[in-house]
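In the working numbering, the protein residues as written are 476 to 1187.
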């Protein structure tokens, strides 16, 4: 499949061969240079043999290994003999650059066969001829394929994890008693033991990941870069099982790289991940397919005066390395796709609470409300791979408001204090009441420049909000904040197994945005809440109708790959259909059509039963990847009586997910707001009258905070 992908088409290729090898952990050591607009450094990958290879290749392993053993054994005396490479080189920008100068330069980084090269292939996606070099070598070396774009790769080497002090403890495991002491196998087994440590030993695991990432190298690896990929091989190694399980890559980004944005705000220069269609492959070499769930840790160095924020579990404090230079360290222990990695660097200030008392009062008020929810299902066992899960932590299950911070340019601090600070605990608590345990332990909210491509973006532990939402006051800030908070459950803790099913993230966040915001606004009556929601539904319906009338039909389908959704090639490579289509960035069909599907299901079940089913779904599938049918099958199990009326997974696919346009359903029954007394003109008249009553009874309210519905 890899050779059939065309990089000139609108589909985004996911090149990584995740079925052969999976990255389990990344260690990044980066320098951010605003003068050159480049991020450079080192990344160390810890890998495991892929599940598909384990299942399909064990039968032919013996004959293959016989040939390999004689040619590729490495003597102990030859280990780590690489000039200019040592432990300190792994964490020193100066020494790393010195190596490139003393060894092979970036322009002259190829061997005589042309395999070790930093020059991009003109053909785009490399084919088997130029990456395996079968004709020159007479055999097929195994290739590790990583997703990579707009990066200058300087060097790749194997890491000698066996040289780490204290690592012997991992060789005394019962699993190793019958394993050959040959050094290659020993290194593989050490990495295996390390990546499979129990969840309660996560601190020890991070410590040894750090030590191993700084271990000396034990042999350079050949590599080739293409438009979309980085392909790495070790001569003579023909199977994933024999390929190095810890590799180190020296690289740097390019100023024009599409994964980050270098820009300016009121405080000066800044850079941040932008939610690019190509995700993070222009920030570091990685495995992009969602199935490649991994953990990571990162040290980032930048000039004093800058703040580094990342999607990490800890609230990092800077460490001074030398005068004028600070280092920031973050980590995550919950395996997630590499696309969720987020970084932002700028001269921002933390917006502090005006008084501690106000925060405590808000917390107490909402804690009382949270007792109304029934979270007894959390006593069950989780279904995800092992990690330190908050759903199994009694203290975390009772935490309605997680710790939060707000960062912004200094000139916007007062506006953030006025609106944003008081909204965050209300919205967090409303989300907890609705869905239960917060999947992540903390939250940073960063106000990014108004040229940000959307109003907001959610990542683990951090939310970007555009400056554009601040002039809208509490309502615009609150609704947008609720939308992004909803992504902690739908889009992050529960991810789509196939990225073409965006509605599983955006449709849910749009639907839950209204639920969260209604519960955050305690002063509104039930009728007022329903009135607001009906008006928003009407406006969304008109927006969806207009978009359907003015866009390509194929872009209106929520499940464009239909029955092939979630499938990949034998190697694990796949495509994101329409992932590079320019107009798709501006479309909201996945938000709106997904929202109306969920809204129609809620009307059928009743809101209370529907939200109970969402909590059940969250508990069952958090920490996992899902397809549309996973949600729909579980939901319809709770309403078996609807099967007789024709509501099935197949009918939902046919009416909502697999076809373009507006669903062909009973419009008057499902969407009463678009007919009868809910017509648009009458709705506007109703809200003009409501607004006039509010203005008469609230003369002291400032004019800029009034909601004048004639503007609708």
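Every residue gets a Cβ at the ideal spot worked out from N, C-alpha and C, and that includes glycine.
Problem set entry | Residue environment, residue 957, which counts as buried when at least 16 other CB atoms sit within 10 Å | Here residue 957 is taken as the residue at index 482 of the chain shown, counted from 1. Residue 957 comes out buried.
Same chain only: Cβ atoms within 6 Å of residue 901, ignoring 5 sequence neighbours per side
Position 426 of the chain shown, counted from the start, is the residue given in the question as residue 901. Same-chain partners within the cutoff: 995.
- prompt: If we ignore side chains and look at the alpha-carbon of each, how far apart do residue 633 and residue 803 end up?
  reply: Position 158 of the chain shown, counted from the first residue, corresponds to residue 633. Position 328 of the chain shown, counted from the first residue, corresponds to residue 803. Between residue 633 and residue 803, the C-alpha separation is close to 26 Å.
Using DSSP with H/G/I as helix, E/B as strand and the rest coil, what is residue 567? Locating residue 567 in the chain shown gives position 92, where the first residue counts as 1. Summary for residue 567: the model assigns pLDDT 34, below 50, so the residue's position carries little reliability; its value from the coordinates is reported in the next sentence. For residue 567, the secondary structure class from DSSP, reduced to helix, strand or coil, is coil.
By the DSSP assignment, the alpha helix (DSSP H) with residue 948 in it spans what residues? In the chain shown, counting from the first residue as 1, residue 948 sits at position 473. First-last of the alpha helix (DSSP H) with residue 948: 948-961.
message: With a threshold of 7 Å on Cβ separation, who are the neighbours of residue 1062 within its own chain once the five nearest residues in sequence on each side are excluded?
response: Taking the first residue of the chain shown as 1, we reach residue 1062 at position 587. Only residues of its own chain outside the window of five on either side were considered, and among them 1022, 1026 and 1030 have a CB closer than 7 Å to the CB of residue 1062, listed in chain order.
(Q) Once the 5 residues before and after residue 858 are set aside, which same chain residues still bring their CB inside 8 Å of it? (A) Position 383 of the chain shown, counted from the first residue, corresponds to residue 858. Same-chain partners within the cutoff: 1095, 1096, 1098 and 1099.
By Cβ distance below 8 Å, which residues in the same chain neighbour residue 722 in space, the five residues on each side in sequence not counted?
Locating residue 722 in the chain shown gives position 247, where the first residue counts as 1. The answer, listed in chain order, is 519, 520, 522, 619, 631, 632, 633, 634, 696 and 707.
- For residue 919, does the three-state DSSP call read helix, strand or coil? Here residue 919 refers to the residue found at position 444 when the chain shown is read from its first residue. Collapsing the DSSP output to three states places residue 919 in a strand.
Close Cβ partners of residue 785 (< 6 Å) along its chain, the five nearest in sequence each way excluded = Working through the chain shown from its first residue, we reach residue 785 at position 310. If the five residues before and after residue 785 are omitted, its C-beta is found closer than 6 Å to the C-beta atoms of 805 and 818, all from its own chain and listed in chain order.
By DSSP's criteria, residue 698 is part of a beta bridge. Which residues make up the other side? Start at 1 with the first residue of the chain shown, and residue 698 comes out as number 223. The beta-bridge partner set that DSSP reports for residue 698 consists of 707.
On the DSSP letters alone, give me the boundaries of the beta strand (DSSP E) that residue 686 sits inside. The sequence position of residue 686 within the chain shown is 211, counting from 1. No beta strand (DSSP E) contains residue 686, which is instead part of the alpha helix (DSSP H) from 677-688.
Nearest candidate by alpha-carbon position, reference residue 513, set 734, 1074 and 493:
Taking the chain shown and counting its residues from 1, one reaches residue 513 at position 38. Across the set 734, 1074 and 493, the C-alpha of 734 shows the shortest separation from the C-alpha of residue 513.
Q | Length of the line joining the Cα atoms of residue 629 and residue 807 | A | What you label residue 629 is simply residue 154 of the chain shown in a count that begins at 1. What you label residue 807 is simply residue 332 of the chain shown in a count that begins at 1. Taking the straight line from one Cα to the other gives about 27 Å.
Item to check | Segment contact, 8 Å Cβ cut-off, at least three pairs: the region 1008-1017 with the region 1030-1050 | outcome: By the criterion of at least three beta-carbon pairs nearer than 8 Å, the region 1008-1017 is not in contact with the region 1030-1050.
Does the region 764-784 come into contact with the region 809-826, if we say contact requires no fewer than three beta-carbon pairs (one atom in each stretch) closer than 8 Å? Short answer: they touch.
Q. Looking at the structure shown, is residue 1056 part of a helix, part of a strand, or coil, going by DSSP?
A. For this step, residue 1056 is matched to residue 581 along the chain shown. Looking at residue 1056 - three-state DSSP - the assignment turns out to be coil, as it is neither helix nor strand.
* Taking the CB atoms as reference points, tell me whether residue 929 and residue 941 lie closer together than 8 Å. => To locate residue 929, count along the chain shown from 1; it is residue 454. To locate residue 941, count along the chain shown from 1; it is residue 466. For the 8 Å CB-CB criterion, residue 929 and residue 941 form a contact.
Whole-angstrom C-beta distance between residue 720 and residue 666, which should lie under 8 Å: Within the chain shown, residue 666 is the residue found at index 191, counting from 1. Within the chain shown, residue 720 is the residue found at index 245, counting from 1. For residue 666 against residue 720, the beta-carbon gap comes to about 4 Å, under 8 Å, which counts as contact.
message: Can you confirm whether the region 889-900 touches the region 980-988 when touching is taken to mean that 3 or more C-beta pairs between the two stretches lie within less than 8 Å?
response: Taking 8 Å as the limit for Cβ pairs, the verdict is that the region 889-900 does not touch the region 980-988.
- With burial defined as no fewer than 16 other Cβ atoms inside 10 Å of the residue's Cβ, what is the status of residue 678: buried or exposed? As a first step, residue 678 is located in the chain shown; it is residue number 203 there, counting from the start. Under this definition residue 678 is an exposed residue.
Would you mind reading off the limits of the alpha helix (DSSP H) that contains residue 725? For this step, residue 725 is matched to residue 250 along the chain shown. Bounds of any alpha helix (DSSP H) do not take in residue 725; it lies within the beta strand (DSSP E) bounded by 721-728.
Discussion item. Mapping the DSSP letters down to three states, classify residue 930 as helix, strand or coil.
Written reply: Counting from one through the chain shown, the residue named residue 930 turns up at place 455. Residue 930: coil per DSSP, three-state reduction.
Exercise for the section: Give the single residue among 951, 993 and 511 whose Cα lies nearest to the Cα of residue 1005. Expected result: Position 530 of the chain shown, counted from the first residue, corresponds to residue 1005. Of the listed residues, the one whose Cα sits closest to residue 1005 is 993.
**Asked** Which residues in the same chain have their Cβ closer than 6 Å to the Cβ of residue 919, if we skip the five residues on either side of it in sequence?
**Response** Position 444 of the chain shown, counted from the first residue, corresponds to residue 919. Hits under 6 Å: 784, 880 and 937.
Going along the chain, which residues of its own chain have a beta-carbon closer than 6 Å to the beta-carbon of residue 955, five neighbours each way excluded? One-based indexing of the chain shown puts residue 955 at position 480. If we look at residue 955 and ignore the five residues flanking it on each side, its Cβ neighbours are 930, 931 and 944.
ask   = In chain order, what residues of the same chain have a beta carbon less than 8 Å from the beta carbon of residue 1101, not counting five sequence neighbours either side?
value = Here residue 1101 corresponds to residue number 626 of the chain shown, with the count starting at 1. Within the same chain, residue 1101 has close Cβ partners 969, 970, 971, 972 and 979.
| task | Leaving aside the five residues before and after residue 795 along the sequence, list all residues of the same chain whose C-beta is less than 7 Å from its C-beta, in chain order. | result | As a first step, residue 795 is located in the chain shown; it is residue number 320 there, counting from the start. If we look at residue 795 and ignore the five residues flanking it on each side, its Cβ neighbours are 801.
field: Cβ-based burial, residue 551 [other Cβ within 10 Å; buried from 16]
entry: For the purposes of this step, residue 551 is taken as the residue at position 76 of the chain shown. Low local confidence applies: a pLDDT of 29 at residue 551 is under 50, so the model's placement there is unreliable, with the coordinate-based value given in what follows. In summary, residue 551 is exposed, with fewer than 16 beta-carbon neighbours lying within 10 Å of its beta-carbon over all protein chains present.
* Rounded C-alpha distance that separates residue 877 from residue 718 -> Taking the chain shown and counting its residues from 1, one reaches residue 877 at position 402. Taking the chain shown and counting its residues from 1, one reaches residue 718 at position 243. Take the alpha-carbon of residue 877 and the one of residue 718: they are about 42 Å apart.
Check your understanding: For the 8 Å Cβ check, are there 3 or more pairs between the region 1048-1065 and the region 1101-1116?
Key -> Result no; under three Cβ-Cβ pairs closer than 8 Å.
Query raised in the report: Does DSSP classify residue 980 as helix, strand or coil?
Result: As a working mapping, residue 980 is identified with position 505 in the chain shown. Residue 980: helix per DSSP, three-state reduction.
Where residue 660 falls: helix, strand or coil (DSSP): Your numbering for residue 660 matches position 185 in the chain shown. The DSSP-derived three-state label of residue 660 is helix.
So what does DSSP say about residue 484, is it helix, strand or coil?
-> The residue labelled residue 484 in the question sits at position 9 within the chain shown. Residue state, collapsed to three classes: coil.
### Task
Return the bridge partner residues of residue 692 from the DSSP annotation.
What you label residue 692 is simply residue 217 of the chain shown in a count that begins at 1. 634, per the DSSP bridge assignment.
Would you list the residues sitting across from residue 503 in a DSSP beta bridge? Position 28 of the chain shown holds residue 503. Paired residue(s): 518 and 773.
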